[in-house]
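Q:
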Amino acid sequence: MATTLDRSADPATGSGLLRIPHEPSWVRLVGIVGVLAFVGAQAVGVLTSPPDRDMGDLQKIMYVHVPAAWNAFIAFLVVALASIGVLVTNDERADLLAAAAAEVGATLTALTLMLGSIWGRPTWGVWWTWDARLTSTAVLLVIFVGYLTLREYAEEPERRMRWSAAVGIIGALNVPIVYMSVRWWRTLHQIQSSPATVDPHYVIGLRANAIAILLLLVFFIARRYHLSRIENALAQRAERRALFGPEIGEDRHAGA
Amino acid sequence: MSLDPPLGIRDEMSRMRAVAWKDLTAERRSKSNLNGVVFLAVMMLVLFGFALGPDAEALRSAAAGVLWLTILFSGVLAFNRSYQLELEGDALETLLLYPGERWPIFLGKLVANLVFVLLVEVVVVPMASVLYNLAVWRALPSLLTVLVLGTIGFVTLGTFYAAMASRVRAREVLLPLLLFPMLVPLLVASVGATMALLSGNAMGDAASWMRGLAAFDAIYLIASTLAFPYVIEV
Amino acid sequence: MQVHDTLPYVIAAYAVTWTVLGGYAAYLWRRRRRLAAQVAACE
Numbered sequence: 013m014a015t016t017l018d019r020s021a022d023p024a025t026g027s028g029l030l031r032i033p034h035e036p037s038w039v040r041l042v043g044i045v046g047v048l049a050f051v052g053a054q055a056v057g058v059l060t061s062p063p064d065r066d067m068g069d070l071q072k073i074m075y076v077h078v079p080a081a082w083n084a085f086i087a088f089l090v091v092a093l094a095s096i097g098v099l100v101t102n103d104e105r106a107d108l109l110a111a112a113a114a115e116v117g118a119t120l121t122a123l124t125l126m127l128g129s130i131w132g133r134p135t136w137g138v139w140w141t142w143d144a145r146l147t148s149t150a151v152l153l154v155i156f157v158g159y160l161t162l163r164e165y166a167e168e169p170e171r172r173m174r175w176s177a178a179v180g181i182i183g184a185l186n187v188p189i190v191y192m193s194v195r196w197w198r199t200l201h202q203i204q205s206s207p208a209t210v211d212p213h214y215v216i217g218l219r220a221n222a223i224a225i226l227l228l229l230v231f232f233i234a235r236r237y238h239l240s241r242i243e244n245a246l247a248q249r250a251e252r253r254a255l256f257g258p259e260i261g262e263d264r265h266a267g268a
Numbered sequence: 008m009s010l011d012p013p014l015g016i017r018d019e020m021s022r023m024r025a026v027a028w029k030d031l032t033a034e035r036r037s038k039s040n041l042n043g044v045v046f047l048a049v050m051m052l053v054l055f056g057f058a059l060g061p062d063a064e065a066l067r068s069a070a071a072g073v074l075w076l077t078i079l080f081s082g083v084l085a086f087n088r089s090y091q092l093e094l095e096g097d098a099l100e101t102l103l104l105y106p107g108e109r110w111p112i113f114l115g116k117l118v119a120n121l122v123f124v125l126l127v128e129v130v131v132v133p134m135a136s137v138l139y140n141l142a143v144w145r146a147l148p149s150l151l152t153v154l155v156l157g158t159i160g161f162v163t164l165g166t167f168y169a170a171m172a173s174r175v176r177a178r179e180v181l182l183p184l185l186l187f188p189m190l191v192p193l194l195v196a197s198v199g200a201t202m203a204l205l206s207g208n209a210m211g212d213a214a215s216w217m218r219g220l221a222a223f224d225a226i227y228l229i230a231s232t233l234a235f236p237y238v239i240e241v
Numbered sequence: 053m054q055v056h057d058t059l060p061y062v063i064a065a066y067a068v069t070w071t072v073l074g075g076y077a078a079y080l081w082r083r084r085r086r087l088a089a090q091v092a093a094c095e
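Order-wise, the sequence lines are chains A, B and C.
Taking this note's numbering, the leading residue of the first sequence gets 13, the next gets one more, and so forth.
Taking this note's numbering, the leading residue of the second sequence gets 8, the next gets one more, and so forth.
Taking this note's numbering, the leading residue of the third sequence gets 53, the next gets one more, and so forth.
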């Protein structure tokens, strides 16, 4: 019946009383474990690994730089897949997931670039090299920022959802193309590539940091996603109240 | 999406031509825009000349990059304007209400923008060869091919992103922000081919860059055409 | 490469790492608190 309170109503479909979604309990757990794992992995990295014979203590920077890069690309993959999900299912939740992943991904990409620069300066004497990976990562950052800026300017929800999805997918398509063309560009100018190889000594520290940062990635994205959902539900509620007045049966003073 | 029965391919093609023609005649009537952009592009060539120093060798080695950057920065001005007609009044909604697919609208605008940017290049390339003392005659057909291939990719992406950027407040900022990172492969390949051709193409690099350009163009054209309905309808 | 040559860079790297990750965590926390207040206010 139209006047029945539908407490299981989902904000995405907008039927009945808009329920404020609750964050699942695993998110907090992942966050705590992630922080502990990260602190632990960092401690292990600082205290146990011997200085590399070539790089000295600089090797320790790789412990964060490499996992940050990996996880930035995972975030980016989430953006791409969620964007496809938006166009296929038309569900705004996929859109909010893409946006959350983009924000976290941009942060990690910026971190990757800064650490790469800090590592590069004493190693090669320059703050920046135009190698394929670093350059593609910089382009990826600009794509992320463009995506997030678009969302700022496209205020109307359906438009924002559609536009973000299109931009996300085409941006994702381009990243491998950028990488290939930059690599091609460098080989034709006969510039040697500058790989940062990882000595087997450091694999354990690297894996530990990688897992820790992955946990943090999942936590950040999940929490950011749920914050977006709550904001969305509040906004939709306010809008409906403005249009229709309080819901039938909704108690203005007690909890929903 | 339209609920009308689908139009045949010939009808869609004529819709595309109609859109291109409409945009081009509007552009022709306000000739100020093409003139303005051409003038700006030539100014850019001159400024680049001053910035990179009077040494002829330095200018010549940087020329390919300068040429393409000039084309990109001046061409960008065309894209938001190509949607301006539709933004005035409710012309866009009306256009979308007519029966037919969305891709003719996209391709029509793409063709109009392509003509516009190519016209700018007709002035810019000779100007650049004069200012930077470039040996363009040596490989003119290949050079023209590179220019056309690079411009097609550029205009494809520009027309696509402008479908969104032209309709928000900060369109002058948003279009470059969205477009420029996407142009990296095109820029790299176009400059690579141009540079190779201008310096005699000793290694035969130009051909592989051009193949790359053609591949990029195909990818961007298909992706943009498929994505266009999603962005034009909201 | 001497240890003391690279030490400032290593320290800078750690500082940047913790600032960025901690900063983002703080941003999430502030946003969550603000939202919790809003939810409590309207319920």
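Note that the Cβ used here is the ideal one computed from N, Cα and C, for glycine as well.
It should be emphasised that the depicted structure is a prediction, and the values quoted were computed from it without experimental measurement.
Tell me, please, whether the CB atom of residue 44/C is closer than 8 Å to any CB atom in chain A?
A: Missing from the structure shown is residue 44/C; chain C here goes from 53 to 95 and no further.
Q: If you reduce the DSSP assignment to three classes, tell me which class residue 124/A lands in.
A: The residue labelled residue 124/A in the question sits at position 112 within the first sequence. If DSSP states are grouped into helix, strand and coil, residue 124/A belongs with the helices.
Q: On a CA-only basis, which of 89/B, 184/B, 207/B, 177/B is nearest residue 144/B? Give me that one, please.
A: Numbered from its first residue, the second sequence carries residue 144/B at position 137. Among 89/B, 184/B, 207/B, 177/B, the Cα nearest to that of residue 144/B is on 207/B.
Q: Going by beta-carbon coordinates alone, are residue 199/B and residue 200/A separated by less than 8 Å?
A: Here residue 199/B is taken as the residue at index 192 of the second sequence, counted from 1. Here residue 200/A is taken as the residue at index 188 of the first sequence, counted from 1. The answer is yes: Cβ separation under 8 Å.
Q: Could you compute how far the alpha carbon of residue 66/C sits from the alpha carbon of residue 73/A?
A: Within the third sequence, numbered from 1, the residue matching residue 66/C stands at position 14. Within the first sequence, numbered from 1, the residue matching residue 73/A stands at position 61. C-alpha separation (whole angstroms): 8 Å.
Q: Taking only beta-carbon atoms, is residue 83/C less than 8 Å away from chain A?
A: Your numbering for residue 83/C matches position 31 in the third sequence. At least one chain A Cβ lies under 8 Å of residue 83/C.
Q: What is the residue span of the alpha helix (DSSP H) that residue 221/A lies within?
A: Position 209 of the first sequence holds residue 221/A. Taken as a continuous stretch (DSSP letters only), the alpha helix (DSSP H) holding residue 221/A covers 215-256.
Q: Short of 6 Å in beta carbon distance, which residues of its chain neighbour residue 201/B, apart from the five on each side in sequence? Order them along the chain.
A: Looking up residue 201/B in the second sequence gives position 194. So the list reads 71, 153, once near-sequence residues are dropped.
Q: Should residue 223/B be flagged as near chain A, meaning a C-beta pair shorter than 8 Å?
A: As a position in the second sequence, residue 223/B is number 216, starting the count at 1. Yes, its Cβ sits closer than 8 Å to a Cβ of chain A.
Q: Specify whether the stretch 43-51 of chain A and the stretch 221-234 of chain B touch according to this definition: at least 3 beta carbon pairs, one from each stretch, less than 8 Å apart.
A: no
Q: Can you find at least 3 beta carbon pairs, one from the stretch 55-68 of chain B and one from the stretch 153-168 of chain B, that sit closer than 8 Å?
A: no
Q: Using the rule of at least 16 other Cβ atoms within 10 Å of the residue's Cβ for burial, across every protein chain shown, is residue 105/B buried or exposed?
A: Position 98 of the second sequence holds residue 105/B. The residue in question, residue 105/B, is exposed, as its Cβ has fewer than 16 Cβ neighbours within 10 Å.
Q: Could one say the Cβ of residue 163/A lies closer than 8 Å to chain C's Cβ atoms, at least one of them?
A: Translated into the one-based positions of the first sequence, residue 163/A becomes position 151. Not an interface residue.
Q: Are the CB atoms of residue 188/B and residue 97/A within a distance shorter than 8 Å?
A: For the purposes of this step, residue 97/A is taken as the residue at position 85 of the first sequence. For the purposes of this step, residue 188/B is taken as the residue at position 181 of the second sequence. No, Cβ-Cβ distance for residue 97/A and residue 188/B is not below 8 Å.
Q: For residue 180/B, does the three-state DSSP call read helix, strand or coil?
A: Mapped onto the second sequence, residue 180/B falls at position 173. Reduced to three states, the DSSP call for residue 180/B is helix.
Q: Report buried or exposed for residue 37/B, applying the criterion of at least 16 other Cβ atoms within 10 angstroms of its Cβ.
A: Stepping through the second sequence from its first residue, residue 37/B is reached at position 30. Residue environment: residue 37/B is assigned as exposed (fewer than 16 neighbouring CB atoms within 10 Å of its CB, all protein chains considered).
Q: Using a beta-carbon distance below 8 Å, is residue 64/C in contact with chain A?
A: In the third sequence, residue 64/C corresponds to position 12, counting from 1. Output row for residue 64/C: interface = yes.
Q: If you reduce the DSSP assignment to three classes, tell me which class residue 72/B lands in.
A: By 1-based counting over the second sequence, the position of residue 72/B is 65. Residue 72/B falls in the helix class under three-state DSSP.
Q: At the level of alpha carbons, what is the spacing between residue 148/A and residue 93/A?
A: As a working mapping, residue 148/A is identified with position 136 in the first sequence. As a working mapping, residue 93/A is identified with position 81 in the first sequence. Straight-line Cα distance between these residues: approximately 20 Å.
Q: Determine the DSSP secondary structure at residue 152/B, reduced to helix, strand or coil.
A: The residue you call residue 152/B lines up with position 145 of the second sequence. Three-state DSSP puts residue 152/B in a helix.
Q: Quick check on residue 17/B - is its C-beta less than 8 Å from some C-beta in chain A?
A: Working through the second sequence from its first residue, we reach residue 17/B at position 10. Chain A contact via Cβ: absent.
Q: Which residues mark the beginning and the end of the alpha helix (DSSP H) in which residue 187/B is found?
A: Numbered from its first residue, the second sequence carries residue 187/B at position 180. It is not in any alpha helix (DSSP H) - residue 187/B carries neither H nor E in the DSSP assignment.
Q: Can you confirm whether the stretch 70-80 of chain C touches the stretch 118-125 of chain A when touching is taken to mean that 3 or more C-beta pairs between the two stretches lie within less than 8 Å?
A: yes
Q: Within the 8 Å Cβ cut-off, does residue 235/A reach chain C?
A: Start at 1 with the first residue of the first sequence, and residue 235/A comes out as number 223. Chain C, which has a Cβ nearer than 8 Å to the Cβ of residue 235/A, makes this yes.
Q: By the three-class DSSP mapping on this structure, what secondary structure does residue 208/B have?
A: Here residue 208/B corresponds to residue number 201 of the second sequence, with the count starting at 1. The answer is coil: DSSP assigns residue 208/B none of H, G, I, E or B.
Q: Between the Cα of residue 58/C and those of 228/A, 75/A, 70/A, spot the shortest distance and give me the residue it belongs to.
A: Stepping through the third sequence from its first residue, residue 58/C is reached at position 6. Ranking the options by Cα distance to residue 58/C, first place goes to 70/A.
Q: Does residue 18/B come out as helix, strand or coil in the three-state DSSP assignment?
A: Numbered from its first residue, the second sequence carries residue 18/B at position 11. Correct three-state label for residue 18/B: helix.
Q: If you measure from the beta carbon of residue 7/B to each beta carbon in chain A, is any gap under 8 Å?
A: It is not possible to answer for residue 7/B, since the shown part of chain B is limited to 8 through 241.
Q: Measure from the C-beta of residue 176/B to each C-beta in chain A and report whether the shortest distance is under 8 Å.
A: Locating residue 176/B in the second sequence gives position 169, counting from the first residue. It does; some Cβ of chain A falls within 8 Å.
Q: So the alpha helix (DSSP H) residue 139/B belongs to, where does it begin and stop?
A: Walking along the second sequence from the start, residue 139/B turns up at place 132. That residue, residue 139/B, is in no alpha helix (DSSP H); it is neither H nor E in DSSP.
Q: Residues in the stretch 16-49 of chain B with C-beta within 9 Å of chain A's C-beta atoms, listed in sequence order?
A: none
Q: Can you pull the chain A neighbours of residue 181/B, defined as C-beta to C-beta under 9 Å?
A: On the second sequence, position 174 is the one that residue 181/B refers to. In chain order: 158, 161, 162, 165.
Q: Would you identify the three-state DSSP class for residue 186/A, choosing helix, strand or coil?
A: One-based indexing of the first sequence puts residue 186/A at position 174. Residue 186/A: helix per DSSP, three-state reduction.
Q: List, in chain order, every chain A residue whose beta-carbon is nearer than 8 Å to that of residue 219/B.
A: In the second sequence, residue 219/B corresponds to position 212, counting from 1. Simply 193, 196.
Q: Could you tell me the alpha carbon to alpha carbon distance between residue 79/B and residue 174/B, rounded to whole angstroms?
A: Numbered from 1 along the second sequence, position 72 holds the residue referred to as residue 79/B. Numbered from 1 along the second sequence, position 167 holds the residue referred to as residue 174/B. The alpha-carbon atoms of residue 79/B and residue 174/B are separated by roughly 21 Å.
Q: Counting only Cβ pairs nearer than 9 Å, list the residues of chain B close to residue 145/A.
A: Looking up residue 145/A in the first sequence gives position 133. Result: empty, since nearest Cβ-Cβ is about 14 Å, beyond 9 Å.
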